[in-house]
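Take a look at the structure set out below.
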Amino acid sequence: MRDRPSPGPTARPAGDPPPGHRRRWPALGVGLVAAFMTLLDVSIVNVAVPSMERALGASPSDLQWVLSGYALTFGLVLVPAGRFGDAHGRRTAFVVGITLFTVTSAAAGLAPSPAWLVAARLLQGAAAGVVNPQVTGLIQELFQGPERARPFGLLGATIGISTAVGPLLGGLLIHVGGTEHGWRWVFFVNVPVGVLAVALGWRLLPHRPRGRPDHRRLDPLGVVLLGIGVLLVLLPLVQQQWRNPAKWLLVPAGLLALAAFAGWERWYARRREPLFDLRLFGVRSYGLGALIALIYFGGFTAIFFVFTLYLQNGLGYSALVAGLAITPFALGSAAASAIGGRIVNRYGRPLVAVGLLAVVGGLLSVVLALDRVPAGVPVPWWTAAPLLLAGLGSGLVIAPNQTLTLSQVPVRQAGSGAGMLQTGQRIGSAAGIAAVGSTFFSALAASGGDWSVAFRNSLLIASGTIALALVAALVDILRSRRG
Numbered sequence: 195m196r197d198r199p200s201p202g203p204t205a206r207p208a209g210d211p212p213p214g215h216r217r218r219w220p221a222l223g224v225g226l227v228a229a230f231m232t233l234l235d236v237s238i239v240n241v242a243v244p245s246m247e248r249a250l251g252a253s254p255s256d257l258q259w260v261l262s263g264y265a266l267t268f269g270l271v272l273v274p275a276g277r278f279g280d281a282h283g284r285r286t287a288f289v290v291g292i293t294l295f296t297v298t299s300a301a302a303g304l305a306p307s308p309a310w311l312v313a314a315r316l317l318q319g320a321a322a323g324v325v326n327p328q329v330t331g332l333i334q335e336l337f338q339g340p341e342r343a344r345p346f347g348l349l350g351a352t353i354g355i356s357t358a359v360g361p362l363l364g365g366l367l368i369h370v371g372g373t374e375h376g377w378r379w380v381f382f383v384n385v386p387v388g389v390l391a392v393a394l395g396w397r398l399l400p401h402r403p404r405g406r407p408d409h410r411r412l413d414p415l416g417v418v419l420l421g422i423g424v425l426l427v428l429l430p431l432v433q434q435q436w437r438n439p440a441k442w443l444l445v446p447a448g449l450l451a452l453a454a455f456a457g458w459e460r461w462y463a464r465r466r467e468p469l470f471d472l473r474l475f476g477v478r479s480y481g482l483g484a485l486i487a488l489i490y491f492g493g494f495t496a497i498f499f500v501f502t503l504y505l506q507n508g509l510g511y512s513a514l515v516a517g518l519a520i521t522p523f524a525l526g527s528a529a530a531s532a533i534g535g536r537i538v539n540r541y542g543r544p545l546v547a548v549g550l551l552a553v554v555g556g557l558l559s560v561v562l563a564l565d566r567v568p569a570g571v572p573v574p575w576w577t578a579a580p581l582l583l584a585g586l587g588s589g590l591v592i593a594p595n596q597t598l599t600l601s602q603v604p605v606r607q608a609g610s611g612a613g614m615l616q617t618g619q620r621i622g623s624a625a626g627i628a629a630v631g632s633t634f635f636s637a638l639a640a641s642g643g644d645w646s647v648a649f650r651n652s653l654l655i656a657s658g659t660i661a662l663a664l665v666a667a668l669v670d671i672l673r674s675r676r677g
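Using the numbering used here, you'd call the opening residue of the sequence shown number 195 and step up by one each time.
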């Protein structure tokens, strides 16, 4: 694919604050806090599972739905929610989403039964899926061209930190609140932040002026086809408790639904504006960036899943210590994201390739370090430096890649374009956790319960997945140099 002008108009919608608007940075701050909160809930709940099981008498199936249901509904609504924000304004979509997220967080914390908790988590995930495309769309609206690099750098830092620090914060809340009720505070912690975000979001985020409505329709059939496709692809990936191999038949059925969605969108685009403009995939910056994000998140998210399993179940560390062990990754990611956001316009895709190489190198160094841990030395101390390197690399991947991917997306398609990008990230995360987790437990069984072997093997799979993203980035660099 060759770069070409992005489809659709690029003009800033009437009524939106112009570049340099005095409230755009505070508005971005509100969006980043909301994004942090919703992404934190992907990983913070992992360490609370044992407490939930004891307090509610939850079955393994219930717990699987608590963990995976959030990711499932999160991924389902991203594109429709992004399109809704494009058509009806970021403020309306953001406030509705964060209000629902706050209410469902409180409901989850008050859950008297497993069924209640599962239902609350499903609705909480949908609310998170409404919020996140608005944050990315907000950056597209309030900033232009090269100046978007810095806010995307901050968003990348938010993504990296929230994912990595979730187990730490969850462990801390359980430690303070106690094993019986500490898990409830994993959800209650969202409530005061959510209330503040609703108030500030309504005040600071740009709104669509009265008398200038956007008459774009939501494309109901497109929403249904995309929803069915994403659901069928994600469901067997996130439901690890389903042992019947027939569940994998849902994946090709989902791909057929997605193919039908693509066909419908092409036909619909001849008459009206579609739910998602497929021509964006023909723009190299978007198509390749979305592919890199999908593959990278397949390896990136799984790291924390297996590391937490290894430290808590294999080595007997507490939830708090397990969370602290991942902190070097979070610190490295935060620092590098801020830097990467500032220099991505200068270095472009090679910066992403350097970051991917550092992540692979850091993870392989963790594998090597495990073979050389001296007797009596805690494993987290021995893996801190390699995880810091991997975190630094991750910070040079997520934010710069997002900046490059969305650089040619028109403002009027910012929400749907970001929603599709994030849908790929959710699918990649689910597939990665399924594949790496399966490798972990298979190696654990084959080795007679050797947790170190299981952890090494799963890290190698995660590293290999991220290496595929590196290959995609290198191919793009070579093609660009050849003209």
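Glycine included, each C-beta is placed from N, C-alpha and C at the ideal position.
Owing to the predicted nature of the structure, the values given are computational and were not obtained by experimental measurement.
Please say whether residue j and residue i have beta carbons closer to each other than 8 Å?
i: Leu399; j: Leu226; result: no
i: Pro683; j: Val546; result: Residue 683 cannot be examined here, being either before or after the span of the chain that is shown, 195 to 677.
i: Gly534; j: Leu590; result: yes
i: Gly350; j: Ala265; result: no
i: Leu419; j: Phe470; result: no
i: Thr267; j: Gly303; result: no
i: Gly371; j: Leu514; result: no
i: Ala314; j: Thr298; result: yes
i: Ala667; j: Leu550; result: yes
i: Leu394; j: Val224; result: yes
i: Asp235; j: Ser610; result: no
i: Arg543; j: Ile671; result: yes
i: Gln334; j: Leu600; result: yes
i: Ile592; j: Ile238; result: no
i: Ser623; j: Phe491; result: yes
i: Gly263; j: Leu316; result: yes
Would DSSP call residue i helix, strand or coil?
i: Phe649; result: helix
i: His689; result: Nothing can be reported for residue 689: it is not among the residues displayed for the chain, which extend from 195 to 677.
i: Ala287; result: helix
i: Gln338; result: coil
i: Phe382; result: helix
i: Asp565; result: coil
i: Gly331; result: helix
i: Gly589; result: helix
i: Ala252; result: coil
i: Val241; result: helix
i: Leu672; result: helix
i: Ile520; result: coil
i: Glu467; result: coil
i: Gln619; result: helix
i: Asn326; result: helix
i: Gln258; result: helix
i: Trp436; result: coil
i: Ser686; result: This structure does not reach residue 686, given that the chain is present from 195 up to 677, and the question cannot be answered.
i: Gly448; result: helix
i: Gln318; result: helix
Report all residues from its chain with a CB closer than 6 Å to the CB of residue i; omit the five preceding and five following residues, and keep chain order.
i: Gly526; result: Leu582, Gly585, Leu586
i: Arg378; result: Gly303
i: Ser356; result: Phe230, Leu233, Leu234
i: Tyr511; result: Leu505
Rounded to the nearest angstrom, what separates residue i and residue j at their Cα positions?
i: Arg218; j: Phe278; result: 21 Å
i: Pro604; j: Ala496; result: 32 Å
i: Ala569; j: Asp256; result: 39 Å
i: Val359; j: Val241; result: 12 Å
i: Gly448; j: Ile422; result: 7 Å
i: Pro580; j: Pro308; result: 38 Å
i: Ala301; j: Trp259; result: 16 Å
i: Val389; j: Val273; result: 25 Å
i: Gly618; j: Arg478; result: 16 Å
i: Phe295; j: Ser674; result: 43 Å
i: Ala528; j: Leu509; result: 28 Å
i: Arg198; j: Leu482; result: With a pLDDT of only 42 at Arg198, under the threshold of 50, the placement of this residue in the model should not be trusted, and no figure is reported.
i: Ser632; j: Val500; result: 10 Å
i: Ile292; j: Ala249; result: 28 Å
Using a Cβ-Cβ cut-off of 7 Å (strictly less than) and excluding sequence neighbours within five positions of residue i, which residues of its own chain qualify?
i: Asn539; result: Pro340, Ala343
i: Leu362; result: Gly517, Leu518, Ile520, Thr521
i: Pro468; result: Asp413, Gly416, Glu459, Tyr462
i: Ala563; result: Trp576, Thr577, Pro580
i: Val553; result: Ala584, Gly587, Ser588, Val591, Ile660
i: Ala252; result: Met246, Pro308
Which residues in the same chain as residue i place their Cβ atom closer than 8 Å to its Cβ, once the five residues preceding and following it in sequence are excluded?
i: Ile621; result: Gly269, Val424, Val427, Leu428, Leu431, Leu488
i: Arg536; result: Ala343, Arg344, Gly347
i: Gly405; result: Confidence in Gly405 is poor, its pLDDT being 46 and thus under 50, which makes the residue's placement too unreliable to answer from.
i: Val385; result: Thr296, Ser299, Ala300, Gly303
Give a yes or no on whether 8 Å exceeds the smallest Cβ distance from residue i to chain B.
i: Ser307; result: Although the question refers to chain B, the structure presented lacks it and comprises just one protein chain.
Q.
Taking 8 Å as the cut-off, does the region 643-661 touch the region 515-525 (at least 3 CB pairs, one atom from each stretch)?
A. no
Q.
Contact between the region 277-293 and the region 322-332 is defined here as three or more beta-carbon pairs at a separation below 8 Å; is this criterion met?
A. yes
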